[in-house]
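In UniProt numbering, the protein residues as written are 1 to 355.
One structure is given below, encoded as structure tokens.
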Amino acid sequence: MLPWLALQHTRGIGPVRAIQLRTRLGSQWYRSAQLDDCGLSAAQLEQLQTAHVPLLEPLLEWQSQASNRHILTWDAPDYPEQLKAVPGAPLLLFVEGALSALPRSQIAVVGSRHPSYVGRENTKNLIPPLVDAGAVITSGLAIGVDGFSHRAALDSGGITLAVLGSGLSRCYPKRHQALAAELVSQGGALISECYPWEGPLAHHFPRRNRIISGLSLGVLVVEAAERSGSLITARYAMEQGREVFAIPGARQNPQACGCNRLIQQGAKLVSDANDILEELVAFSVAAIKVRPPEQEELLPYPELLDNVGLEATAVDLIASRCQQPVQEVVTRLVELELAGWVESVPGGYVRARRD
1 MLPWLALQHT RGIGPVRAIQ LRTRLGSQWY RSAQLDDCGL SAAQLEQLQT AHVPLLEPLL
61 EWQSQASNRH ILTWDAPDYP EQLKAVPGAP LLLFVEGALS ALPRSQIAVV GSRHPSYVGR
121 ENTKNLIPPL VDAGAVITSG LAIGVDGFSH RAALDSGGIT LAVLGSGLSR CYPKRHQALA
181 AELVSQGGAL ISECYPWEGP LAHHFPRRNR IISGLSLGVL VVEAAERSGS LITARYAMEQ
241 GREVFAIPGA RQNPQACGCN RLIQQGAKLV SDANDILEEL VAFSVAAIKV RPPEQEELLP
301 YPELLDNVGL EATAVDLIAS RCQQPVQEVV TRLVELELAG WVESVPGGYV RARRD
């Protein structure tokens, strides 16, 4: 670990150049007589010998506090090959949880921190069949779609990985500390390139996003505004040669604008989980659990239900579309809500999920 710490703390040596040095000079590069011939300045050579030493003890102390804490250098056997193939991959990864989850086939799921009702439902509905097909779900532990993705994977009996934009001893956001502990206990892991004691800083999150996409075979964007961290993850995925998937939405929904733009740019439109699985050779459609078709149920008030969609629809608008009195529509909507066909949400009603 010490040589990689030295590289990380030498000015003017980024991950790409550090890996080039390692590749050129071999695993014992720091002892190589050729180091002086690699174009490094005298100041850099001096930093390689001294700049990293104070960090070693606190890092080893953090690792020793739990048996499931690991520090992976770029050349470690457990460093995930999928990420290692990405130019500029982190020189050091800090992991808390099961190392065995890291090399498994992963699908990243990202999206808005403030998803709509439709975004939440899409996340909850798409994750279980991905888990059934053997996918590990990777996300960023943020509130919103990230958190819903981790929760849906756990509820489906799956494994999920969380890549943090802070150190692993400074779990962010704090409200997801229990979720983080649960995903570790169910065979997943927390991952970060930040030192364990580092807090969540703005420049950490784009770096986190490139790890999320780098670990995964493909990235699914559930909901995203025109400018969002989710689109940064999608851009990294494209640059890394990963598949990008997006769920379309109504043009009136600002949270759908980013996804619609991605689809225009070549991302695959997703309507169900098979749209994702069929593009990734790591998964076999045969692995998906086949569920028997449900017996068709007669719709109550079909003319009314036809005018209640997955996005909030105001009562006045429903009544206008059905050409029925508002009071009568309200009464029927209450009946439908009690029967589980619709749900009341801010702004009106939406169709309810019926398992």
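Glycine included, C-beta positions come from ideal geometry on N, C-alpha and C.
In the three-state reduction of the DSSP assignment, residue 187 falls in the coil class. Under the DSSP assignment, residue 130 falls in the alpha helix (DSSP H) whose first and last residues are 117–132.
Here residue 146 is buried: its Cβ has 16 or more other Cβ atoms, across all protein chains shown, within 10 Å. Burial check for residue 139: the Cβ neighbour count within 10 Å reaches 16 or more, so the residue is buried. Between residue 134 and residue 245, the C-beta spacing is not below 8 Å. Residues 117, 118, 308, 309, 310, 311, 312, 313, 342, 343 of the same chain have their beta carbon placed closer than 8 Å to that of residue 350, with the five preceding and five following residues left out of the count.
Of 96, 38, 12, the smallest CA-CA separation from residue 23 is found for 38. Beyond the five residues adjoining it in sequence on each side, residue 243 comes within less than 6 Å, by CB distance, of 218, 279 in the same chain, given in chain order. Looking from the CA of residue 235, the closest CA among 165, 209, 248, 155 belongs to 209. In terms of Cβ geometry, residue 173 and residue 94 do not form a close pair [threshold 8 Å].
For residue 319, the secondary structure class from DSSP, reduced to helix, strand or coil, is helix. In this structure, the CA atom of residue 183 is about 19 Å from the CA atom of residue 193.
DSSP places residue 283 outside both helix and strand once states are collapsed to three, so it counts as coil.
The Cβ-Cβ distance between residue 176 and residue 144 does not fall below 8 Å. Here residue 4 is not near residue 60, since their CB atoms are 8 Å or more apart. Excluding residues up to 5 positions away in sequence, 91 lie with their Cβ nearer than 6 Å to the Cβ of residue 8 in the same chain.
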